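Taking UniProt numbering, the leading residue of the sequence shown gets 1, the next gets one more, and so forth.
All C-beta atoms in this analysis are idealised placements derived from N, C-alpha and C, irrespective of residue type, glycine included.
The structure presented is a predicted model; accordingly, all values stated were derived computationally and were not measured.
First the structure, in the form of structure tokens, and then the observations on it.
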Amino acid sequence: MTAIFAVCCGRHKDEQTKIIEKQLQKEAKHLRRQVKILLLGSGESGKSTFIKQMVIINGRGEFTADEVRAYRQQIYQISNLMNFKLGYTSKLYKLEVLCIKIRP
Numbered sequence: 001m002t003a004i005f006a007v008c009c010g011r012h013k014d015e016q017t018k019i020i021e022k023q024l025q026k027e028a029k030h031l032r033r034q035v036k037i038l039l040l041g042s043g044e045s046g047k048s049t050f051i052k053q054m055v056i057i058n059g060r061g062e063f064t065a066d067e068v069r070a071y072r073q074q075i076y077q078i079s080n081l082m083n084f085k086l087g088y089t090s091k092l093y094k095l096e097v098l099c100i101k102i103r104p
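Pasting the structure below:
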């Protein structure tokens, strides 16, 4: 009876070992892809902005609904500002205050 139990438990342990080994290999592969960086800089020097850009370029690939709303609002604000600047410089050019022509 003891011999049968040992053989049975041995097979079970082998299967568990294989599962654990696969998991460890998967985690090791994941850790090799991780990059750790230390960003040093004074306040307002762009550390957070740099990390946000890295996440956008290399990160999770999707934005949360809150991020989409925030980015949409920022894009509209920038778009409005650019349209204002373009219109303002066009008016200055027409009034001959500005001597260079800006292409729209």
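Over what stretch of residues does the alpha helix (DSSP H) that includes residue i continue unbroken?
i	result
Q73	65-94
I57	47-58
Roughly how many whole angstroms lie between the Cα atoms of residue i and residue j?
i	j	result
I75	R33	32 Å
F50	L86	29 Å
L40	K47	8 Å
R11	E21	15 Å
V68	D14	48 Å
M54	V35	11 Å
Output yes or no for whether 8 Å exceeds the beta carbon distance between residue i and residue j.
i	j	result
F63	Y71	yes
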